Amino acid sequence: MQSVALIDYGSGNLRSAEKALVRAADSSAIGGRIDVTSDPDKVARADRIVLPGVGAFAACMEALAARPGLTEAMSEAVQKRGAPFLGVCVGMQLLATRGLEFGETPGLNWIGGDVRRLEPGDPHLKVPHMGWNDLAIARPGGVLGEAEGEPMYFTHSFAFAPDDESDVTAWAEHGERFAAAVQRDNVAGVQFHPEKSQAAGLALLARFLEWRP
Numbered sequence: 001m002q003s004v005a006l007i008d009y010g011s012g013n014l015r016s017a018e019k020a021l022v023r024a025a026d027s028s029a030i031g032g033r034i035d036v037t038s039d040p041d042k043v044a045r046a047d048r049i050v051l052p053g054v055g056a057f058a059a060c061m062e063a064l065a066a067r068p069g070l071t072e073a074m075s076e077a078v079q080k081r082g083a084p085f086l087g088v089c090v091g092m093q094l095l096a097t098r099g100l101e102f103g104e105t106p107g108l109n110w111i112g113g114d115v116r117r118l119e120p121g122d123p124h125l126k127v128p129h130m131g132w133n134d135l136a137i138a139r140p141g142g143v144l145g146e147a148e149g150e151p152m153y154f155t156h157s158f159a160f161a162p163d164d165e166s167d168v169t170a171w172a173e174h175g176e177r178f179a180a181a182v183q184r185d186n187v188a189g190v191q192f193h194p195e196k197s198q199a200a201g202l203a204l205l206a207r208f209l210e211w212r213p
């Protein structure tokens, strides 16, 4: 059975994410053992990796860096060995080159770009953006599948702006267009919360467990 490392670095709705991944594994053709872990050895050997994240970009990067060997283990598994990776919410944002929240903070730089504050333009639209939004699919297939028109649940004040828009697989709107999902090779990220997005979110997690980039 494949192993799925759900990274525990003190940030993210781990309990909900774990429960959703277990349900997705039960419904997928491949299945998987969900390991909530910060152990670099387990992460380096994992078949798939999920990085959650809630809160500020800088705080999440600091928490990740504070776990000795964890970032290196993620890089070993994902960048060198090609293990499929899914970043969720701030876990997606950490893929960027830098975050511009409370100053400038370097990210993992796995997909080039900046994380910037949402600026809707319409004073009636509040930040943080919280609620359900439809996805406009830019590149079907992969983790997203054919999710056009299926609403997902968002809660965020910042969004990832990739240098290359071809890395964007889905867009959403909140007074401005922003990247709702990105993917490059075996690295994918979603700004929304699949674990809070009911059946559509569980279907996405099941596709991730079966994804062969």
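In full-length UniProt numbering, the protein residues as written are 1 to 213.
For glycine and all other residues, C-beta sits at the position ideal for the given N, C-alpha and C.
Keep in mind it's a predicted model, so treat the numbers as computed, not measured.
Query: So what's Arg-177 in DSSP terms, helix, strand or just coil?; Result: strand
Query: Determine the extent of the beta strand (DSSP E) in which Ala-188 is found, giving its start and end residues.; Result: 187-190
Query: Just the Cα atoms here: how many angstroms apart are Ala-66 and Glu-195?; Result: 26 angstroms
Query: Compare the C-alpha of Glu-72 against each of Arg-98, Val-54 and Ser-38 and name the closest.; Result: Ser-38
Query: I'd like to confirm the pairing. Which residues does DSSP put opposite Trp-171 in its beta bridges?; Result: Ala-136 and Ala-179
Query: Which two residues bound the contiguous alpha helix (DSSP H) that contains Ala-25?; Result: 14-27
Query: Helix, strand or coil: which one does DSSP assign to Gly-141?; Result: strand
Query: Where does the unbroken beta strand (DSSP E) through Pro-40 begin, and where does it stop?; Result: Segment 40-45 is the alpha helix (DSSP H) holding Pro-40; no beta strand (DSSP E) there.
Query: Starting from Leu-205, trace the alpha helix (DSSP H) in both directions and tell me its first and last residue.; Result: 198-210
Query: Find the nearest neighbour of Cys-60 within the set Gly-12, Gly-145, Thr-169 and Asn-186, judged by alpha-carbon distance.; Result: Gly-12
Query: Would you kindly work out how many angstroms separate the C-alpha atoms of Ala-188 and Phe-154, rounded to a whole number?; Result: 17 angstroms
Query: Taking the alpha-carbon of Ile-137 as reference, which of Thr-169, Ala-20 and Pro-120 has the nearest alpha-carbon?; Result: Thr-169
Query: Do Met-74 and Val-36 have their C-beta atoms closer together than 9 angstroms?; Result: no
Query: How far does the beta strand (DSSP E) with Ala-5 in it extend, from its first residue to its last?; Result: 3-7
Query: At what residue ranges does the stretch 87-130 contain a whole run of the beta strand (DSSP E), taking only runs of 3 or more?; Result: 113-117
Query: Below 9 angstroms between beta carbons: does that hold for Ala-24 and Leu-205?; Result: yes
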